[in-house]
Every structure is written in C-alpha cells, then in structure tokens.
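Encoded as structure tokens, the structure appears first; notes follow it.
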Amino acid sequence: MEDQWEEPVARSPHSRRNAWIVVVVLVVIALLAWAFTRSGGQPSRSGAGAAGARGGAGGPGGPGGFGGGRRQAATVGTEKVTAADMPETIAAIGTVTPIVTATVRPQLSGNIFTIDFTEGQMVRKGQLLAQIDPRPYRLALSQAQANLERDLAQLNLAQVTLKRYQTLLSQDSIARQEVDTQAASLKQYEGTVAADRAAIGTAKLNLQYTSITAPVSGRIGLRQADIGNYVTPGDTAGIAVITQTTPIDVAFALPQDDLQTLLTRRTGGRALPVTAKDQGGTTVLAEGSFLTFDNQIDATTGTVRAKARFANTDGKLFPNQFVNVVLVSDTLKGVATVPVSAVRHGAQGDFVFTLQEDKTAKLALVKTGPSAGTRIAVLSGVKIGETVITEGADNLDDGSPVILPGDARPDFSRNRKSGWFSWLFGGSSAKGGADGAPSAAGAQGNASGEGGERRHRRTESAGQ
C-alpha cells in the first residue's frame with residue numbers, strides 16, 4: 012500500500028507545476044484573443060503573416076489565419092476621360108498701366124479759392140476740380156477792355172483827320188508831308204487797338220484758367236493742395252493726379268520663343284484673348300485682348316515687352332497693380348482631358364492609373380499638354396471614354412485591386428476571427444492549422460487526462 016501512495020506523492024509537485032503552466036498559457040491565450048477582438052479583428056500585415064505561418068507547417072495560412080500575402084483592395088475615386096477644347100496659354104506677370112496719367116497743375120499763379128472734387132472719385136473731362144481766386148484776373152480784363160476803348164477813340168480821330176488832310180491836299184492847300192504823317196499815325200493806332208484786343212483775349216483766358224478742370228476722364232487721386240495755398244504752374248506735385256482706368260492696359264514680358272507664334276496669329280487677323288488674374292492666380296479680374304508688343308527684344312532678359320487692353324468697366328484693375336496674365340495663343344480642338352489629380356509623376360515621366368474591367372488598376376504612361384482649371388490635356392497614353400483613377404492612388408501599383416465607392420468591401424473579419432479562435436482553441440474551422448502542431452484545446456485535454464488519471468489512482472488506493 013505504501014508503494015501505491017509513493018508514486019502519486021512523488022509526482023504531485025510535477026503535476027501541480029504542469030497544471031500551473033497550462034493555466035498561465037490559457038490566460039495568455041485568452042488575453043491575446045480578447046485583445047484581438049477589441050481591435051476589430053484586423054491585425055497588422057506583419058502579424059497577419061505570422062498567424063498564417065502558425066496555421067500549419069504544411070501549407071499557407073487560410074482565410075482564418077489572414078496570412079500568405081493577401082493584397083488588400085483600396086477604395087478609389089474615378090472619372091471618365093472626356094474630349095474638350097483645351098487652350099494653349101502663355102503665362103506671365105504683368106503690371107496694370109493706365110492709358111493716360113495726367114497731373115492736374117494750375118496754368119497761372121494764385122491762391123486756391125475752392126476745391127470741387129472728392130479724393131478717389133471718378134471725374135469727367137472738363138469737370139471743375141478747383142478754382143483760383145479770380146478777382147485779380149477780372150480786374151486785368153477790365154483794364155484791357157478800357158485800354159481798347161481809349162485806343163479805339165484815338166483811332167477814329169486819326170481816321171477823320173487823315174480824310175480831311177487828303178481833301179486839303181487835293182485842293183493843294185496842305186503839304187503832302189503832313190498827309191503822310193497822319194497816315195502813319197493812323198497805322199500806329201490800328202496796331203495799338205489790335206494789341207488791346209489781344210490783351211483782352213489774354214485776360215479772358217487767364218480768367219478762364221482760374222477754374223481748374225479735369226484734362227481727362229478717370230479716377231482722381233489724393234489732393235496735393237488745400238484751400239488757401241498759393242500755387243504756381245511750376246509746382247511739381249500739382250493739385251492731384253488723374254489716371255484713365257476705362258479702358259486700361261497691362262504691360263508684361265513675353266519670351267522671345269513665343270514671338271513667332273504671336274506674329275503668326277496676329278497676321279491671320281485673329282484676336283488673342285487675354286485673362287488677368289489676381290496674384291494668387293485663382294480669381295479672374297478682367298477679360299481683354301492682346302494689343303501689341305515692342306519693336307525690339309531685351310538682350311538682357313531675352314523677352315519682349317507687350318501690352319494687353321481691358322475694358323475694366325467694373326474697375327477691378329488698378330494702376331500699378333501686379334496681375335497674372337494668361338494669353339491664349341492657340342486652342343486644341345477635341346483633345347482628351349482628365350482631372351489634374353489623376354496625373355502622377357514618376358521617374359519615367361507622367362502616368363495615370365486606368366480602371367480595368369476586373370476592378371484592377373493599370374499604370375499608363377502619358378504625355379500631357381496644356382491645362383485649364385481642374386483639367387489637363389493628355390496627348391497620348393489614354394483614350395477618350397476610358398476611366399482614370401483620381402483619388403486613392405497613393406498606394407496603388409500596376410495590377411492592384413481596387414474598390415469603387417458604390418461597391419461592397421469584402422468582409423474578412425468573420426473568417427479572421429474564427430481562424431484565430433480555431434487556432435487558439437483547436438476548432439476545425441482553422442484551415443491553416445490542419446497540418447500544424449497540436450492545438451491549445453488538445454493541450455488542455457492532455458492536462459485534464461493527467462489529472463483524471465491521478466484522481467483514479469488516489470481513489471483506488473483509498474479503496475484498498
């Protein structure tokens with residue numbers, strides 16, 4: 012009987028140690044399973060490959076193991092290749108230049124009597140802007156008129172005297188010398204009267220110049236003189252500056268390589284449209300047409316100065332403003348176009364991904380042309396009617412599977428979870444573990460068998 016008890020007593024520490032090891036292993040497995048279910052059943056690619064490898068030594072991991080290098084499909088956005096007329100453009104930076112810039116200066120000296128304009132307002136040609144004190148010039152006009160009256164009286168007297176002398180000369184009652192002297196006096200008075208009349212004209216003109224008017228139509232700037240200031244024609248700043256803004260020009264530089272193209276287009280009598288955009292190039296400020304270019308090329312920069320004219324009825328173009336000029340030199344008719352976001356750049360050049368019938372992406376090298384807005388012309392590489400991928404192409408390769416927004420994404424989560432749990436607990440659904448090592452459930456069964464055998468031995472010994 013002592014021999015029967017010695018064996019279980021001798022094996023008891025070993026059995027307890029095995030039991031504890033099994034319990035610890037089961038707890039670790041349970042924690043791993045819980046962590047997996049909490050993460051939504053989506054292990055990383057590296058973890059997935061390891062799980063598939065553990066599925067069995069004899070073959071690749073199955074769906075439950077999520078292994079074996081499965082390529083996930085990416086959700087992408089697509090758009091058709093369409094035909095459109097695409098303009099060929101020349102871009103440059105230009106400066107808004109008024110057609111006329113006039114400094115308003117007084118034409119005579121005097122104190123400013125009134126200011127009749129508001130800074131920044133639009134003025135018309137001939138509109139009253141300011142007035143110089145007119146009183147001295149009115150007096151000068153009155154004096155000139157008085158001188159004329161006096162000299163006219165003397166002229167009339169000289170005419171009468173000359174007629175009398177001529178009568179006496181016919182009667183041989185006076186010397187001819189006196190007649191000639193009177194005739195000369197008459198001519199002198201006639202000259203004096205003419206000078207008086209010219210002085211009156213000058214006085215009237217000066218009086219008119221006391222009213223300072225706008226020489227051109229346009230926008231007037233800030234005033235440079237106030238009421239009471241003494242101004243002269245030599246003042247550099249003048250009263251204000253007027254710039255003509257409707258129409259208005261934009262000056263810019265064109266590369267000399269584009270000069271022949273423009274000459275050809277202009278020879279054909281075609282008007283070349285020009286667009287002026289803000290400095291960011293996003294907002295269209297005005298639409299106009301190409302006007303002319305300079306008669307020589309700048310040898311330093313290799314460019315030629317050019318001008319475009321804009322109606323500018325809404326006043327969005329301001330003198331000396333910097334704008335982005337887009338000159339349309341030609342138009343490609345019915346060319347294939349794709350969204351700009353579809354074109355990608357690589358070591359071999361530009362390329363796009365086209366959508367195939369089997370829902371895979373195909374890489375196609377393309378030759379791009381001009382762009383306008385959100386679309387760009389494709390001269391070769393794709394055909395009109397094909398579908399290109401515009402979104403989600405960052406991780407695509409040639410032949411990668413894709414999913415469209417309207418398609419259902421394949422659900423591997425259920426298979427992955429059952430595969431994990433089958434591998435952990437020895438279920439039959441883990442295809443990858445069919446040829447592998449014994450499952451955790453088998454290990455648990457072995458441990459339970461050893462415990463039952465020990466209990467059977469204790470019962471048998473007690474009965475004896």
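Numbered by our numbering, the letters in the sequence shown go through residues 12 to 475 in order.
Where is the CB? At the ideal position from N, CA and C, for every residue including glycine.
Problem set entry | Arg281 - partner residues in DSSP beta bridges | Numbered from its first residue, the sequence shown carries residue 281 at position 270. Beta-bridge pairing links Arg281 to no other residue.
Exercise. First and last residue of the alpha helix (DSSP H) that includes Pro147?
Worked result: Translated into positions along the sequence shown, residue 147 becomes position 136. Here the alpha helix (DSSP H) through Pro147 covers Arg146 to Ser181.
Problem set entry | Secondary structure of Gln290, DSSP reduced to three states | The residue you call residue 290 lines up with position 279 of the sequence shown. DSSP places Gln290 in coil when its eight states are reduced to three.
Problem set entry | Residue range of the beta strand (DSSP E) that includes Leu341 | Looking up residue 341 in the sequence shown gives position 330. One point to set straight first is that residue 341 is Asp, not Leu, in the sequence displayed. Unbroken beta strand (DSSP E) run through Asp341: Phe333 to Pro350.
Exercise. Going straight from the alpha carbon of Thr385 to that of Met97, what length do you get?
Worked result: Your numbering for residue 385 matches position 374 in the sequence shown. Your numbering for residue 97 matches position 86 in the sequence shown. Cα-Cα distance, rounded: 12 Å.
Exercise. When the Cα of Leu218 is compared with those of Tyr200, Gln118, Gln199 and Ser184, which residue comes out closest?
Worked result: The sequence position of residue 218 within the sequence shown is 207, counting from 1. Taking only the C-alpha atoms, the option nearest Leu218 is Gln118.
For this session: Go ahead and pull the three-state DSSP assignment for Ala30.
Result: In the sequence shown, counting from the first residue as 1, residue 30 sits at position 19. In the structure shown, Ala30 sits in a helix (DSSP, three-state: H, G or I).
For this session: Rank Ile126, Lys215, Asp183 and Thr112 by C-alpha distance to the C-alpha of Ala496 and give the top, closest one.
Result: Lying outside 12 to 475, the shown extent of the chain, residue 496 is not represented and no answer is given.
Problem set entry | Of the residues Ala404, Pro412 and Ser228, the one placed nearest Thr112, counting alpha carbons only | Residue mapping note: residue 112 aligns to position 101 of the sequence shown, counting from 1. Residue Ser228 is the option with its Cα nearest to Thr112.
Exercise. Going by the beta-carbon positions, is the gap between Leu166 and Val204 smaller than 9 Å?
Worked result: For this step, residue 166 is matched to residue 155 along the sequence shown. For this step, residue 204 is matched to residue 193 along the sequence shown. Yes, they are a contact pair.
Exercise. To which residues of the same chain is Asn29 closer than 6 Å at the C-beta, ignoring the five residues directly before and after it?
Worked result: Indexing the sequence shown from 1 puts residue 29 at position 18. Nothing meets the Cβ criterion.
Exercise. Near Asn290, which residues of its chain fall below 8 Å by C-beta distance, leaving aside the five closest residues on each side in sequence?
Worked result: The sequence position of residue 290 within the sequence shown is 279, counting from 1. Note that residue 290 is Gln in the sequence shown here, rather than Asn. Closer than 8 Å at the Cβ level, and outside the excluded window around Gln290, lie Phe333, Val334 and Asn335.
Problem set entry | Euclidean distance between Cα positions of Gln170 and Ala209 | Against the sequence shown, residue 170 aligns to sequence position 159. Against the sequence shown, residue 209 aligns to sequence position 198. In a straight line, the C-alpha of Gln170 is about 22 Å away from that of Ala209.
Exercise. According to the Cβ coordinates, are Thr108 and Lys318 closer than 9 Å?
Worked result: In the sequence shown, the residue the question calls residue 108 occupies position 97. In the sequence shown, the residue the question calls residue 318 occupies position 307. Yes; because the gap between Cβ atoms is below 9 Å, this pair is in contact.
Exercise. Name the DSSP bridge partner or partners of Arg386?
Worked result: Taking the first residue of the sequence shown as position 1, residue 386 is located at position 375. Pro350 and Ala383.
Exercise. Which partner residues does Ser300 have in the DSSP bridge list?
Worked result: Within the sequence shown, residue 300 is the residue found at index 289, counting from 1. Looking at the DSSP assignment, Ser300 forms a beta bridge with Pro284 and Arg320.
Exercise. Where does Leu376 sit, in a helix, a strand or coil, going by DSSP?
Worked result: Counting from 1 along the sequence shown, the entry for residue 376 is found at position 365. If DSSP states are grouped into helix, strand and coil, Leu376 belongs with the strands.
Exercise. For Thr256 versus Asn323, is the C-beta distance shorter than 9 Å?
Worked result: Within the sequence shown, residue 256 is the residue found at index 245, counting from 1. Within the sequence shown, residue 323 is the residue found at index 312, counting from 1. Cβ distance < 9 Å, so Thr256 and Asn323 count as in contact.
Exercise. Mapping DSSP to helix, strand and coil, what is Ala91?
Worked result: As a position in the sequence shown, residue 91 is number 80, starting the count at 1. Here residue 91 turns out to be Lys, not Ala, going by the sequence shown. Here Lys91 sits in strand by DSSP.
Exercise. For Ala84, which residues does DSSP report across the bridge?
Worked result: Counted from its first residue, the sequence shown places residue 84 at position 73. According to DSSP, Ala84 bridges with nothing at all.
Exercise. Under the rule that 16 or more other beta-carbon atoms within 10 Å means buried, what is Thr294, buried or exposed?
Worked result: Position 283 of the sequence shown, counting from 1, holds the residue named residue 294. Burial call: exposed.
For this session: Output the boundary residues of the alpha helix (DSSP H) element that contains Gly202.
Result: In the sequence shown, the residue the question calls residue 202 occupies position 191. Residues Arg187 to Tyr220.
Exercise. Bridge partners of Asn122, per DSSP?
Worked result: Residue mapping note: residue 122 aligns to position 111 of the sequence shown, counting from 1. Note: Asn122 sits in a beta bridge opposite Tyr241.
Problem set entry | Assigned secondary structure, Asp305 (DSSP; H/G/I helix, E/B strand, else coil) | Reading the sequence shown from its first residue, position 294 is the one you call residue 305. Reduced to three states, the DSSP call for Asp305 is coil.
Exercise. Which two residues bound the contiguous beta strand (DSSP E) that contains Gly229?
Worked result: As a working mapping, residue 229 is identified with position 218 in the sequence shown. Gly229 -> beta strand (DSSP E) spans Gly229 to Ile231.
For this session: Taking the CB atoms as reference points, tell me whether Ala282 and Phe304 lie closer together than 9 Å.
Result: By one-based count along the sequence shown, residue 282 stands at place 271. By one-based count along the sequence shown, residue 304 stands at place 293. Cβ atoms of Ala282 and Phe304: not closer than 9 Å.
Exercise. What separation, rounded to the nearest whole angstrom, lies between the Cα atoms of Ser411 and Thr371?
Worked result: In the sequence shown, residue 411 corresponds to position 400, counting from 1. In the sequence shown, residue 371 corresponds to position 360, counting from 1. Whole-angstrom Cα-Cα distance: 5 Å.
For this session: Just the C-alpha distance for Ser391 and Val261, rounded to the nearest angstrom, thanks.
Result: Start at 1 with the first residue of the sequence shown, and residue 391 comes out as number 380. Start at 1 with the first residue of the sequence shown, and residue 261 comes out as number 250. Between Ser391 and Val261, the C-alpha separation is close to 36 Å.
Exercise. What span of residues does the beta strand (DSSP E) with Gly360 cover, start to end?
Worked result: Within the sequence shown, numbered from 1, the residue matching residue 360 stands at position 349. That run of the beta strand (DSSP E) goes Gly360 to Leu366.
Exercise. Shortest alpha-carbon distance to Gln132 belongs to which of Thr254, Arg149, Asp268 and Glu298?
Worked result: Walking along the sequence shown from the start, residue 132 turns up at place 121. Ranking Thr254, Arg149, Asp268 and Glu298 by Cα distance to Gln132 puts Thr254 first.
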